[in-house]
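Below is one structure, written out as structure tokens; the observations come after it.
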Amino acid sequence: MKYLSTRGQTDSVSFSEAVALGLAPDGGLFLPEHLPDVSPRLRAWQNLSYAELCTEFLKVFATDIPEDVLGRLVRRSYAAFTHPEIAPLRQLDERTYVLELFHGPTLAFKDFALQLLGNLYGWQCERTGQGINVLGATSGDTGAAAIHGLLGKPRTAIFILYPDGRVSPLQERQMACTGAANVHALAIDGSFDDAQRVLKEVFGDRAFAAQHHLSAVNSINLARVLAQCVYYLYAWLRLPEAQRANVEFVVPTGNFGNVLAGWMLGRMGVAIRGFKVATNRNDILHRFFTTGEYRVGDVHPSLAPSMDIQVASNFERFLYYVVGEDAARVRQIMAQLKVDGGYRLANLDRDTFSSSCATDADIVRLIREVHQRYDYVIDPHTACAFQSLNPERTSIVLSTAHPAKFPDVLRSAIGLGPVHPSLEALKSRPVVKQRIAADTAAVEAYITQHGTPV
Ligand SMILES: *Cc1c(COP(=O)(O)O)cnc(C)c1O
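Residue 236 in the working numbering sits at position 234 of the sequence shown; the count goes up by one each step and never skips.
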């Protein structure tokens, strides 16, 4: 299988090349040349374990990785999850299920993709003998999940920039208490925007980036999207057969990466009735799915901070399919977005997609209601998904984070702060972070001194 860019100006590449590159050289995102039809295989996949299913699914795409290697990388990726089912599907009532995606090392769904990506990077270093230095900026979850994906891997180092004092104490501990020598938590003296500016400047220094074999942590890597398809498939196979064709996945959404994976699986022949895009008060995607107009606004902080996003970077992949796989049209729309800050799409699939938006007050209310009705505790991101479930459908709500990550919101909503043993263990470990100026030269000097040899 080969991969092409949504902007159509990059030669097609192999799976491993697409993973190593991240962003396509023409500025677009990688997608499979053709989406395969997996429907003939569904019966055979029915009773596989999570890791087995993941291997079988990825085999279709990662055709340049030997099957035994792929199986090993997948098993290793999900061995760090604490639930035997990896992604357990929990039934709350006749029509409502929750897919728990928070049993990985950092207790958020990003572990599904970033554990796998870390192992793919590790294998690449092993195979080529070349080291890799990974660099990212985070306001929370992604940095922690990326760190745990690369923790202790030979020939790799990871540097995560974050605004000092402006990520939650638990999130900081997930990044700065690993004890691993190849992990560098860089606490920037400045805001998240400063961290992002420095990140951009370091990557913009082409000579430096090439010399240190720098790779970016971001939400657009092809491997992330494909890894995320698997839990939709796993959940769909766990449903009673009579409910499958009427199922709607309800997805707390920021960058559109998570919901995109489910929708692509639907295009591969898995009968899914619909998707609900659930946003917090940053409702650009809710507005898009109700009006057809995509218009970037300001980002407002919310109780579900990992969804505080205005530019949904994975949306370009969706757009590519919506405009009939016409890369020239994608280029035109992306150019227009840059100039006008928005665009309008005519032929939107309103039958497949619905959407909702939850304010902070809604989030608190929904956490309380779900707790009262089902004696089940959800985190603020998952709460957004419980906003107006469709009573006509079987709903599978994707639970993207463990509630123990947000003790303060939970305490104000239901009067108790859930705990998790892995977070408790972090509290007794020393924080090892490097305070650093929001300055490109300072960050480059740090990487030069602490990077892995390439
Ligand atoms: C990243 C994140 C989201 C949003 O996922 P996207 O793929 O960006 O739409 C939702 N919930 C949690 C807990 C997250 O960490």
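Backbone N, C-alpha and C fix where the C-beta goes; we use that ideal spot for every residue, glycine too. Quantities reported herein were computed from a predicted structural model and do not represent experimental measurements.
Reference residue i; option with closest CA among the options
i, options, result
"S357", "G417, L321, H288", "H288"
"G30", "V21, R375, R9", "R9"
"P90", "S414, Q126, P42, S51", "S51"
"W47", "E69, G181, Y164, W238", "W238"
"D191", "L6, V169, K407, R43", "V169"
"T57", "Y80, R319, P42", "Y80"
"K155", "V445, E102, R78", "R78"
"H422", "L188, K435, P405, Q436", "P405"
"A244", "Y233, A273, Y234, F251", "A273"
"T450", "L418, V372, L216, V261", "L216"
"G131", "A148, R157, L109", "R157"
"N49", "L101, P242, T384", "P242"
"S315", "K4, M177, N257, V411", "N257"
"C231", "W265, R208, N248", "W265"
"L119", "A147, D353, E102", "A147"
"S424", "V204, L188, D166, Q173", "Q173"
"S430", "R175, E69, R370, P38", "R175"
"N184", "A444, P34, T442, K435", "K435"
Beta-carbon spacing of residue i, residue j below 7 Å
i, j, result
"G133", "P455", "yes"
"D351", "L305", "no"
"C359", "P254", "no"
"F355", "L368", "no"
"H214", "G453", "yes"
"I286", "Q312", "yes"
"G145", "I162", "yes"
"Y233", "L55", "no"
"F320", "L262", "yes"
"F111", "T402", "yes"
"V200", "A440", "yes"
"M309", "V40", "no"
"V249", "K278", "no"
"A115", "R208", "no"
Buried/exposed call for residue i, threshold 16 Cβ in 10 Å
i, result
"V399", "buried"
"L152", "buried"
"D1", "The requested residue 1 is not part of the displayed model; the chain covers only 3 to 456."
"E96", "exposed"
"K202", "exposed"
"G343", "exposed"
"N282", "buried"
"G181", "exposed"
"V332", "buried"
"P307", "buried"
"K407", "buried"
"R346", "exposed"
"E318", "buried"
"Q117", "buried"
Residues that residue i bridges to, as DSSP identifies them
i, result
"G276", "E250"
"V15", "Y5"
"R297", "G344"
"R437", "A189"
"A159", "N135"
"L33", "L6"
"P165", "I190"
"T65", "In DSSP, T65 forms no bridge with anything."
"L25", "L31"
Cutoff 7 Å: residue i Cβ touching any chain D Cβ
i, result
"A189", "Here there is only one protein chain, and chain D is not present."
Item to complete: Return the chain-ordered ranges of every beta strand (DSSP E) run that is complete within the segment 188 to 243 and spans a minimum of 3 residues.
Response: 216 to 218
Practice prompt. Please go through the segment 322 to 403 and give each complete alpha helix (DSSP H) segment of 4 or more residues, from N-terminal end onward.
Written response: 329 to 342, 362 to 376, 382 to 387
Worksheet item: Unbroken alpha helix (DSSP H) runs of length 4 or more, entirely within the segment 83 to 152: which are they?
Response: 112 to 130, 143 to 152
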